[in-house]
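Enquirer:
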Amino acid sequence: MTLTTDPVALDAWYAVATASEVTHRPDRTRLLGQDIAIDRCRDTGAIRVRPVLHGGEYGDPLPVIERYACVFTTFGNPDTPIVEIEEAGEPDRRVVPCGWFTIRSSGPRIVENFLDMAHFPYVHTDILGSEPNTDVGPYRAEIRADVDEVWATGCHFWQPRGAATERDGSGMMMHIDYRVPSPFIVMLYRVAPSAPDRRDAIALFIQPMGEELCRAQPVEFLVDEISTHTELLHFEQVIFLQDRLILENQVPRRLPLDGQAEIPTRADTASVAYRRWLAAKGLGYGTILPHGQGERA
Numbered sequence: 016m017t018l019t020t021d022p023v024a025l026d027a028w029y030a031v032a033t034a035s036e037v038t039h040r041p042d043r044t045r046l047l048g049q050d051i052a053i054d055r056c057r058d059t060g061a062i063r064v065r066p067v068l069h070g071g072e073y074g075d076p077l078p079v080i081e082r083y084a085c086v087f088t089t090f091g092n093p094d095t096p097i098v099e100i101e102e103a104g105e106p107d108r109r110v111v112p113c114g115w116f117t118i119r120s121s122g123p124r125i126v127e128n129f130l131d132m133a134h135f136p137y138v139h140t141d142i143l144g145s146e147p148n149t150d151v152g153p154y155r156a157e158i159r160a161d162v163d164e165v166w167a168t169g170c171h172f173w174q175p176r177g178a179a180t181e182r183d184g185s186g187m188m189m190h191i192d193y194r195v196p197s198p199f200i201v202m203l204y205r206v207a208p209s210a211p212d213r214r215d216a217i218a219l220f221i222q223p224m225g226e227e228l229c230r231a232q233p234v235e236f237l238v239d240e241i242s243t244h245t246e247l248l249h250f251e252q253v254i255f256l257q258d259r260l261i262l263e264n265q266v267p268r269r270l271p272l273d274g275q276a277e278i279p280t281r282a283d284t285a286s287v288a289y290r291r292w293l294a295a296k297g298l299g300y301g302t303i304l305p306h307g308q309g310e311r312a
């Protein structure tokens with residue numbers, strides 16, 4: 016595989032490692048088709064990310080920013096900074112990296128799945144949904160031009176156990192807002208069950224290794240003084256492993272951006288906005304662009 020030439024994909028920030036796990040021994044992974052090595056410099060202790068060239072030599076270091084417990088890098092020149100998550104700066108928040116998952120799917124498909132509430136009762140039964148509470152009520156999805164993000168607000172769904180703190184299975188109507196600040200980052204905000212006047216934030220950082228192969232890590236910013244670290248990890252990992260089974264069986268794995276390629280329903284309002292946003296950007300990496308809109312890089 017070789018590094019993509021897709022300018023939209025190149026000019027983005029990507030989480031590629033958990034900062035606390037980086038050691039002096041280079042760990043190899045892949046980003047946008049290019050092998051990279053991540054390690055901590057023995058002299059300075061700084062984390063560095065370097066392309067792995069033919070013959071195993073390293074290229075010039077890429078830009079590195081440590082944020083949200085992750086290591087971010089880019090191959091291009093992003094015109095926007097890494098997403099700002101205000102909740103991360105609140106001192107009583109628990110910041111929980113939930114581990115990396117490898118998925119044979121495209122990054123945009125993973126984002127779309129994250130936005131989809133309709134699958135909750137069938138894929139995450141008795142956790143994020145259950146029958147007969149299967150209806151997705153009306154909500155608002157929009158492309159916010161002033162910040163260049165996709166938002167879905169006013170979402171609500173009955174969840175038997177919408178958070179790790181909910182253990183008795185009695186369920187509650189969960190109010191959720193979704194945010195897509197970057198083609199390969201997606202977030203949700205939900206009312207914190209243990210602090211109804213505040214919201215938990217959960218980000219999913221996606222590392223596109225190839226067009227149809229990704230790693231992804233959920234990072235949670237929680238108001239939760241009850242759950243143990245293990246309980247939080249287990250809750251999120253069970254959900255993500257259930258999603259992986261669905262994602263790896265979707266055909267095609269790349270996300271079609273032509274509005275006629277896959278017929279949406281009312282529940283897909285967020286997905287429609289996300290696809291329109293990607294099409295307007297001209298992202299070809301991990302997508303199927305509308306006919307005549309350019310070639311896949």
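When we follow the working numbering, the leftmost residue of the sequence shown carries the number 16, and every step to the right adds one.
Ideal placement from N, C-alpha and C gives every residue a C-beta, glycine not left out.
Does the beta-carbon distance from leucine 23 to lysine 296 come in below 8 Å?
Expert: Position 8 of the sequence shown holds residue 23. Position 281 of the sequence shown holds residue 296. Note that residue 23 is valine in the sequence shown here, rather than leucine. The answer is yes: Cβ separation under 8 Å.
Enquirer: Name the residue from Ala231, Glu99, Asp107 whose alpha carbon lies nearest to the alpha carbon of phenylalanine 255.
Expert: The residue given as residue 255 occupies position 240 in the sequence shown. Among Ala231, Glu99, Asp107, the Cα nearest to that of phenylalanine 255 belongs to Ala231.
Enquirer: Reducing DSSP to helix, strand and coil, say where alanine 65 ends up.
Expert: Start at 1 with the first residue of the sequence shown, and residue 65 comes out as number 50. Per the sequence presented here, residue 65 reads as arginine, with alanine not at that position. In this structure, arginine 65 counts as strand in the three-state DSSP scheme.
Enquirer: Between Ala103, Pro106, Pro66, which lies nearest to glycine 359 when the distance is taken from Cα to Cα?
Expert: As displayed, the chain neither begins before 16 nor continues past 312, which places residue 359 out of reach and without an answer.
Enquirer: Histidine 39 to alanine 32, Cα distance in whole Å?
Expert: To locate residue 39, count along the sequence shown from 1; it is residue 24. To locate residue 32, count along the sequence shown from 1; it is residue 17. In a straight line, the C-alpha of histidine 39 is about 14 Å away from that of alanine 32.
Enquirer: Can you tell me whether DSSP reads glutamine 265 as helix, strand or coil?
Expert: Along the sequence shown, read from residue 1 onward, the residue named residue 265 stands at position 250. If DSSP states are grouped into helix, strand and coil, glutamine 265 belongs with coil.
Enquirer: Does the beta-carbon of asparagine 264 have 16 or more other beta-carbons within 10 angstroms, so that it is buried, or is it exposed?
Expert: As a working note, residue 264 is residue 249 in the sequence shown. So asparagine 264 counts as exposed.
Enquirer: Buried or exposed, going by whether 16 or more other CB atoms sit within 10 Å of the CB of arginine 57?
Expert: On the sequence shown, residue 57 is found 42 positions in, with the first residue counted as 1. Burial call: exposed.
Enquirer: Applying the criterion that 16 or more other CB atoms from any shown protein chain within 10 Å of the CB defines a buried residue, is valine 253 buried or exposed?
Expert: Sequence index remark: in the sequence shown, residue 253 carries index 238 (1-based). Flag for valine 253 reads exposed.
Enquirer: Is alanine 312 helix, strand or coil by DSSP?
Expert: Counting from 1 along the sequence shown, the entry for residue 312 is found at position 297. Note that alanine 312 has pLDDT 45, beneath the 50 cutoff, so the model's placement of it is unreliable and no number is given.
Enquirer: With three or more C-beta pairs closer than 8 Å as the rule, is the stretch 44–56 touching the stretch 220–238?
Expert: Result yes; three or more Cβ-Cβ pairs closer than 8 Å.
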